[in-house]
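Residues 2 to 430 (our numbering) are what the sequence shown spells out, left to right.
Here is the structure we will look at, set down as structure tokens.
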Amino acid sequence: MEKFLVEGGGPLKGEVVISGAKNAAVAIIPAVILAEGPCVLENIPNISDVSYLFKILQELGARIRILNKTTVEVDASVIREPVVPYELTKNMRASYYFIGSLLGRYRRAEVAMPGGCNFGGVRPIDQHLKGFAALGANTDIDPGGIINAKAEELLGSHIYFDVVTVGATVNVMLAAVRAKGTTVLENVAKEPHIVDLANFLNSMGADIRGAGTDVIKIHGVEHLHGTTYSIIPDQIEAGTYMVAAAATGGDVLIRNVIPKHLESITAKLAAAGATVTEYDDAVRVTRTGPIRKISLKTLPHPGFPTDMQPQMTAMLTAAEGTSVVTEGVWDNRFKYVDELRRMGAHIQVDGRVAVVEGVRELTAAPVKATDLRAGAALIIAGLMASGVTEIEDIYHVERGYEDVVEKFSSLGAGIRKVSVPDHAAEKAI
Ligand code: EPU
Numbered sequence: 002m003e004k005f006l007v008e009g010g011g012p013l014k015g016e017v018v019i020s021g022a023k024n025a026a027v028a029i030i031p032a033v034i035l036a037e038g039p040c041v042l043e044n045i046p047n048i049s050d051v052s053y054l055f056k057i058l059q060e061l062g063a064r065i066r067i068l069n070k071t072t073v074e075v076d077a078s079v080i081r082e083p084v085v086p087y088e089l090t091k092n093m094r095a096s097y098y099f100i101g102s103l104l105g106r107y108r109r110a111e112v113a114m115p116g117g118c119n120f121g122g123v124r125p126i127d128q129h130l131k132g133f134a135a136l137g138a139n140t141d142i143d144p145g146g147i148i149n150a151k152a153e154e155l156l157g158s159h160i161y162f163d164v165v166t167v168g169a170t171v172n173v174m175l176a177a178v179r180a181k182g183t184t185v186l187e188n189v190a191k192e193p194h195i196v197d198l199a200n201f202l203n204s205m206g207a208d209i210r211g212a213g214t215d216v217i218k219i220h221g222v223e224h225l226h227g228t229t230y231s232i233i234p235d236q237i238e239a240g241t242y243m244v245a246a247a248a249t250g251g252d253v254l255i256r257n258v259i260p261k262h263l264e265s266i267t268a269k270l271a272a273a274g275a276t277v278t279e280y281d282d283a284v285r286v287t288r289t290g291p292i293r294k295i296s297l298k299t300l301p302h303p304g305f306p307t308d309m310q311p312q313m314t315a316m317l318t319a320a321e322g323t324s325v326v327t328e329g330v331w332d333n334r335f336k337y338v339d340e341l342r343r344m345g346a347h348i349q350v351d352g353r354v355a356v357v358e359g360v361r362e363l364t365a366a367p368v369k370a371t372d373l374r375a376g377a378a379l380i381i382a383g384l385m386a387s388g389v390t391e392i393e394d395i396y397h398v399e400r401g402y403e404d405v406v407e408k409f410s411s412l413g414a415g416i417r418k419v420s421v422p423d424h425a426a427e428k429a430i
């Protein structure tokens, strides 16, 4: 078993360079299936979610050439079968984007239900299925959890999503770019990765307008060609280092970011007592005074991102006074709070609301990363705590943070990855 050992105490200081955005990459990689020629993808983050998706493409018959650490050429213009089996999807939620891209290109997709972060509640896909049906596809989920989608032809349609969903917005866009006629998607997600996917598809010859607003209009086209495209920087990775800098009373320059994407995070950090200075493609975060209590509610973009909620809560455990954190996107995203409590945090959760009463100091404890962002929150808590925090189940963190140990270490953090014998597994044998 691998663990992180995080030694708390010191402020983070220095510079860190942000990688390509996970949630843009995991939409764009399945989208290469739509191209009738090779695509060169730049600024690809080196994380396990991305490796899984490349593995799926390879199994489908795509040819992949790694050009350098962050650039990959993919030729998925010819694939064997539009079928993605469970062994390949079980670790990865975004594998369901292959439904949209395969349906768009081949009018048929067979994709096993995905895995991914489990926050403790259900993660429905009804809006994806509603969108595919409106485009003329028949979908069913067989008892083994395989989603079958088929269409004689895809026809443009008017779709109003009942909830704002990133996943359904992406998946339906992927199919609709090759539908006949015009598709209008209303009440769509507006996250930066939605805009990035639209820009990528447009660079392949698609005709998508309105990405980043509530309404996306797609004029279907018959062919999409290969392209070269650079993925945007990761808003959440940047936000994580911003919060870590503020939480430790540090001074960190976070480079390769789009400051506009960070505005909601910047505003809450400023309210909590940090100073955030924006540059063209960097932000500097410092904090010298106390952490101040704040109220915060997560919402779809441009609201405060749910994927920053655990990290922010970790910081607020040491605020002066009581903060209120409300989760407005997921039914249940406070599973990690039990782990913070083990470190001495005072947090009460009632449904979607966490009341965080600041304590003078966190103390190190053995904890588990219950999901990706929970893992990031525990690293931040570990950096704030006295003693050495041991974090288990770090594979969650490696799904979405490139070189996390190296990047935190370069800021002066005491963080190491260690391999230890798995006693539970030994006993079971
Ligand atoms: N929802 C439905 N029906 C659907 C789809 C979603 O009711 O068919 C609901 C969900 O239950 C949830 C809300 O809509 O309450 C938003 O879900 P969304 O579809 O937007 O989430 P997602 O696409 O599954 C992506 C990110 C998540 C991020 C959410 C919200 C990717 C690969 N994942 O998930 O990122 O939390 O959007 O912004 O893009 C992470 O990176 O740590 C992560 C979990």
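Backbone N, C-alpha and C define an ideal beta-carbon position, used for all residues, glycine too.
query, result
"Contact test: GLY401 Cβ vs the ligand EPU heavy atom, cutoff 7 Å", "yes"
"Per-residue burial, ARG210 [other beta carbons within 10 Å of its own, 16 or more giving buried]", "exposed"
"Same chain only: Cβ atoms within 7 Å of THR307, ignoring 5 sequence neighbours per side", "THR299, GLU328, VAL330, TRP331, ARG334"
"ASP351 Cβ short of 7 Å to the ligand EPU heavy atom set", "no"
"ALA169 beta carbon less than 8 Å from that of GLY132", "yes"
"Near the ligand EPU: GLY168 beta-carbon under 7 Å from a heavy atom", "yes"
"Cβ-based burial, LEU261 [other Cβ within 10 Å; buried from 16]", "The amino acid occupying residue 261 in the given sequence is Lys; Leu does not appear at that position. With fewer than 16 Cβ atoms within 10 Å of its Cβ, LYS261 is classed as exposed."
"At least three beta-carbon pairs within less than 8 Å, the segment 279 to 288 to the segment 309 to 327", "no"
"Buried versus exposed call for VAL17 [16 or more other C-beta atoms within 10 Å across all chains shown]", "buried"
"Environment of THR1 [buried if 16+ CB atoms lie within 10 Å]", "The structure shown does not extend to residue 1, since the chain is modelled only from 2 to 430, so the question has no answer here."
"8 Å Cβ cutoff met for ALA212 and ILE19", "no"
"Cβ-Cβ distance between GLY221 and LYS191 below 8 Å", "no"
"N- and C-terminal bounds of the beta strand (DSSP E) containing PRO311", "Note, PRO311: premise wrong, no beta strand (DSSP E); alpha helix (DSSP H) at 310 to 317."
"Sheet register partners of ASN203 (DSSP bridge)", "None; ASN203 has no bridge partner."
"Every unbroken beta strand (DSSP E) inside the segment 207 to 237 [3 residues or more]", "208 to 210, 216 to 220, 229 to 231"
"Distance, LEU89 Cα to PHE5 Cα", "27 Å"
"Runs of beta strand (DSSP E) wholly within the segment 274 to 350 (minimum 3 residues, chain order)", "276 to 279, 283 to 287, 296 to 298, 323 to 327"
"From ASP235, VAL244, ALA275, LYS14, residue whose alpha carbon lies closest to that of ASN257", "ASP235"
"Continuous beta strand (DSSP E) assignments of at least 3 residues falling wholly in the segment 130 to 155", "139 to 142, 147 to 151"
"Same chain, Cβ closer than 7 Å to ASN149, five either side skipped, listed in chain order", "GLU111, THR140, ASP141, ASP143"
"Where the alpha helix (DSSP H) containing ILE266 begins and where it ends", "264 to 272"
"DSSP-derived helix/strand/coil call for LYS369", "strand"
"Beta-carbon proximity list for ILE30, same chain, < 6 Å, skipping 5 on both sides", "LEU54"
"Beta-carbon gap between TYR1 and THR371 smaller than 8 Å", "The first residue shown for the chain is 2 and the last is 430, placing residue 1 beyond what the model contains."
"Secondary structure of LEU6, DSSP reduced to three states", "strand"
"Three-state secondary structure (DSSP) of ALA109", "A small fix is needed here, since residue 109 is Arg in this sequence, not Ala. Note: ARG109 maps to strand in three-state DSSP."
"Rounded C-alpha distance that separates ASP394 from MET93", "16 Å"
"Range covered by the alpha helix (DSSP H) that runs through ALA28", "23 to 32"
"Heavy atom of the ligand EPU within 7 Å of SER192 beta-carbon", "Note that residue 192 is Glu in the sequence shown, not Ser. Checking the Cβ of GLU192 against the ligand EPU gives yes."
"ASN24: CB within 7 Å of a non-hydrogen atom of the ligand EPU", "yes"
"Any non-hydrogen atom of the ligand EPU within 7 Å of ARG397 CB", "The question names Arg, but residue 397 in the sequence shown is His. Checking every heavy atom of the ligand EPU against the Cβ of HIS397, none is found closer than 7 Å."
"Beta-bridge pairing of HIS397 - partner residues as DSSP gives them", "Answer is none; HIS397 lacks a bridge partner."
"Cβ-heavy atom distance, ILE160 to the ligand EPU, below 7 Å", "no"
"Presumed contact (8 Å Cβ cut-off) between ARG293 and ALA272, rounded CB distance", "7 Å"
"Residue nearest to PRO86 in terms of C-alpha spacing, selected from ILE80, ALA177, SER96", "SER96"
"Where ALA36 falls: helix, strand or coil (DSSP)", "coil"
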